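Numbering that gives the first Met the number 0 puts the first residue of the sequence shown at 0, with every later residue one more than the last.
Idealized CB from N, CA, C, for every residue including glycine.
Remember, it's a predicted structure, so these values are computed and weren't measured experimentally.
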Amino acid sequence: MTQNDGSTLIDFFENHDHRMIHKWMHYFEIYERHFHQFRGKDMTMLEFGVLHGGSLQMWKHYFGEGAKITGVDINPRCAELAEERIEIIVGDQEDRNSLRGIVANHPQFDIIIDDGGHTMTQQITTFQELWFHLKDGGVYLCEDTHTSYWPGFFGGGYRQPGTFIEYTKSLLDQLTAWHSPDPALQPNEFTRSCFAVHYYDSMVFFEKRAVPKPHARMKGTPSFPLEPAEQAVYDRG
């Protein structure tokens, strides 16, 4: 298959015989839903977790000649997997200084994928440090989030405080903070920069886009006199 030949990710995976790729099979349809918009364009991707390097080759093929792919892994042997339009950085995604070094030496990315070590601290730290280094219009993906439900896996466990999934639930509150009268929940930079959060089995996607304060409008003539409770809702909007 030639690069960006219109084939799907699953086509590439099923015909791939180069560097090893390991993926849950339901991921491919979801990737297409969120990443198709970047195909055939000049774009940059950062992926944590290189392993054997196969997924980096998949992304390079899928996005086409204008794609520049950067992979990060703590294993120094992964440096051997660099090739044309694939850069490899040896670094620790749990180390904030290491992450800040990536930010300092690279322009903002169109896509960031966390497929690294999957521990709670790694996932949360990486999101906190990299979210604001994602371009407006970009997509951030944390995958294999089922580790949040694994008891004993670096803080995992169902509704265990400190898991990545529990952390994202607080971000959902922040997403709609515009409507909160509570002083403890007011709009912040995340509220103003996250357009949407999408949950799937083992994947969480964040769409980054400048978000102005929402407002409601009313058009047309009421069919019935407005009840006080209904009027109160409209007044708040």
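Out of the options, which has the shortest C-alpha to C-alpha gap to residue i?
i: glutamine 127; options: Arg158, Asp94, Phe153; result: Asp94
i: serine 179; options: Lys212, Gly115, Glu86; result: Lys212
i: glutamate 13; options: Gly156, Met57, Leu184; result: Met57
i: isoleucine 111; options: Ser97, Leu129, Leu98; result: Leu129
i: threonine 69; options: Phe194, Gln36, Asp113, Asn96; result: Asp113
i: phenylalanine 47; options: Asn74, Gly161, Ser192, Phe223; result: Asn74
i: leucine 55; options: Leu8, Ile29, Lys218, Gln92; result: Leu8
i: tyrosine 157; options: His105, Phe34, Ser97, Met119; result: Met119
i: glycine 39; options: His105, Gly65, Asp181; result: Gly65
i: phenylalanine 194; options: Glu31, Val89, Pro224, Tyr139; result: Tyr139
i: phenylalanine 62; options: Val71, Arg84, Val49, Cys77; result: Arg84
i: valine 196; options: Met217, Leu170, Arg76; result: Leu170
Please classify residue i as buried or exposed, where buried requires at least 16 neighbouring CB atoms within 10 angstroms.
i: glutamine 230; result: exposed
i: leucine 80; result: buried
i: lysine 59; result: buried
i: serine 147; result: buried
i: valine 49; result: buried
i: glycine 219; result: exposed
i: leucine 98; result: buried
i: methionine 42; result: buried
In whole angstroms, what separates the C-alpha of residue i from that of residue j?
i: isoleucine 20; j: histidine 51; result: 7 Å
i: leucine 133; j: threonine 167; result: 17 Å
i: phenylalanine 204; j: tyrosine 198; result: 7 Å
i: glycine 53; j: glutamine 173; result: 36 Å
i: histidine 117; j: alanine 215; result: 40 Å
i: proline 186; j: phenylalanine 163; result: 21 Å
i: aspartate 91; j: valine 102; result: 13 Å
i: phenylalanine 152; j: serine 192; result: 31 Å
i: glutamate 86; j: lysine 67; result: 8 Å
i: alanine 228; j: aspartate 200; result: 39 Å
i: glutamine 36; j: glutamate 226; result: 45 Å
i: tyrosine 26; j: histidine 105; result: 28 Å
i: glycine 115; j: glutamate 188; result: 26 Å
i: threonine 1; j: phenylalanine 11; result: A caution first: threonine 1 carries a pLDDT of 46, below 50, which makes its placement in the model too unreliable to give a value.
i: glycine 154; j: histidine 145; result: 12 Å
i: histidine 15; j: serine 6; result: 12 Å
At a cut-off of 8 Å, is residue i close to the ligand COA when judged by its beta-carbon and the heavy atoms of the ligand?
i: aspartate 91; result: Annotation note on the ligand COA: not contained in the displayed structure, which lists no ligands.
Taking the CB atoms as reference points, tell me whether residue i and residue j lie closer together than 9 Å.
i: alanine 176; j: threonine 190; result: yes
i: methionine 202; j: phenylalanine 108; result: no
i: tryptophan 23; j: aspartate 143; result: yes
i: cysteine 238; j: glutamine 122; result: An answer regarding residue 238 cannot be provided, because it is not within the stretch 0 to 236 covered by the chain.
i: glutamate 31; j: glycine 137; result: no
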